[in-house]
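Asks:
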Amino acid sequence: ILNVEQSPQSLHVQEGDSTNFTCSFPSSNFYALHWYRWETAKSPEALFVMTLNGDEKKKGRISATLNTKEGYSYLYIKGSQPEDSATYLCASGGSQGNLIFGKGTKLSVKP
Amino acid sequence: DAGVIQSPRHEVTEMGQEVTLRCKPISGHDYLFWYRQTMMRGLELLIYFNNNVPIDDSGMPEDRFSAKMPNASFSTLKIQPSEPRDSAVYFCASSQTSGSSEQYFGPGTRLTVT
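So the sequence lines, in the order shown, correspond to chains A and B. Residue numbers are given in this note's numbering: position 89 of the first sequence equals residue 76, and the series is strictly consecutive. Here this note's numbering runs 9 ahead of the position in the second sequence, where the first position is 1.
(1) Flag this pair as yes or no: are the beta carbons of residue 112 of chain B and residue 84 of chain A separated by less than 8 Å?
(2) At the 8 Å Cβ level, is residue 90 of chain A part of the contact set with chain B, yes or no?
(3) Note down, in chain order, every chain B residue with its Cβ under 9 Å from the Cβ of residue 76 of chain A.
(4) In angstroms with no decimal places, state the Cα-to-Cα distance between residue 72 of chain A and residue 96 of chain A.
(5) Could you check if residue 121 of chain B is buried or exposed, using at least 16 other CB atoms within 10 Å of its CB as the buried criterion?
(6) Please classify residue 94 of chain B: does DSSP put it in a helix, a strand, or coil?
(7) By Cβ distance below 7 Å, which residues in the same chain neighbour residue 75 of chain B in space, the five residues on each side in sequence not counted?
(8) Which class does residue 69 of chain A belong to by DSSP, given the choice of helix, strand or coil?
(9) Tell me which residues share the same chain as residue 5 of chain A and place their Cβ nearer than 8 Å to its Cβ, disregarding the 5 neighbours each side in the sequence.
(10) To the nearest angstrom, how far is it from the Cα of residue -12 of chain A to the Cα of residue 52 of chain A?
(11) Hey, which unbroken runs of the beta strand (DSSP E) at 3 residues or more fall wholly within the segment 6 to 36 of chain A?
(12) In this structure, what does DSSP give as the bridge partners for residue 40 of chain A?
(13) At a cut of 8 Å, does the segment 6 to 24 of chain A reach the segment 88 to 105 of chain B through at least three beta carbon pairs?
(14) By the three-class DSSP mapping on this structure, what secondary structure does residue 24 of chain B have?
(15) Identify the continuous beta strand (DSSP E) that holds residue 78 of chain B and give its terminal residues.
(16) Nearest to residue 80 of chain B by alpha carbon, out of B:73, B:66, B:60, B:72?
(17) Quick one, which residues of the segment 102 to 121 of chain B are near chain A if we go by CB-CB under 7 Å, in chain order?
(18) Taking buried to mean at least 16 other C-beta atoms within 10 Å of its own C-beta, is residue 56 of chain A buried or exposed?
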């Protein structure tokens, strides 16, 4: 994998559903994996930065895992709410924060 | 702190004109990044600075693009001459230390070149 790939591109769920997305990144020369949440008409906001293989991070109903050996990270949202509707971006970065972003997963949560 | 500040928020200009985008990073942040967002290519890193020094400008698309950071609280991204294909949203972001620090994004400048 040469680029950062995210799947699915978009996702529609009902309020209360739990969901997850995938981020794939080059496993060689790995330094850090970032997750950002991007609401329409706003700017990206950081959710997590992970550096260690096996890392798991949690913020409220949102959590993320990291596998640096195989080059993937999962983002989980438990009990989705309409306010979770946003595009979720992941990015693989070097030691100075030079990030390569994926195209994002656009999540829509219907009430 | 007010966060990362960018100006203008919107810019409409004619092809061939010079465009200057401005950014004020969060005080105390050592790194400043300029990104471009387009539908086709997503969010792309153009250039970044560490302690006001440009580190990597390999993402700058052409010589028409230039960026400066004369001091710790101000950076500019200039396009001269501008072309319609430069139309995009340009974001500035800053971070405290290294690549393991989260980046804080400004509100972006929506540039339209006609």
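Backbone N, C-alpha and C fix where the C-beta goes; we use that ideal spot for every residue, glycine too. In this text the structure is predicted, and so the values were computed from the model without any measurement.
Replies: According to the data block:
(1) yes
(2) yes
(3) 51, 52
(4) 6 Å
(5) exposed
(6) Of the three classes helix, strand and coil, the one that applies to residue 94 of chain B here is helix, per DSSP.
(7) 87
(8) helix
(9) 63, 64, 65, 66, 67
(10) Note that residue -12 of chain A has pLDDT 49, beneath the 50 cutoff, so the model's placement of it is unreliable and no number is given.
(11) 6 to 11, 19 to 25
(12) Looking at the DSSP assignment, residue 40 of chain A forms no beta bridge with any residue, so it has no partner.
(13) no
(14) coil
(15) 74 to 80
(16) The option with the nearest alpha carbon to residue 80 of chain B is B:60.
(17) 104, 107, 108, 109, 110, 111, 112, 114, 115, 116, 117
(18) exposed
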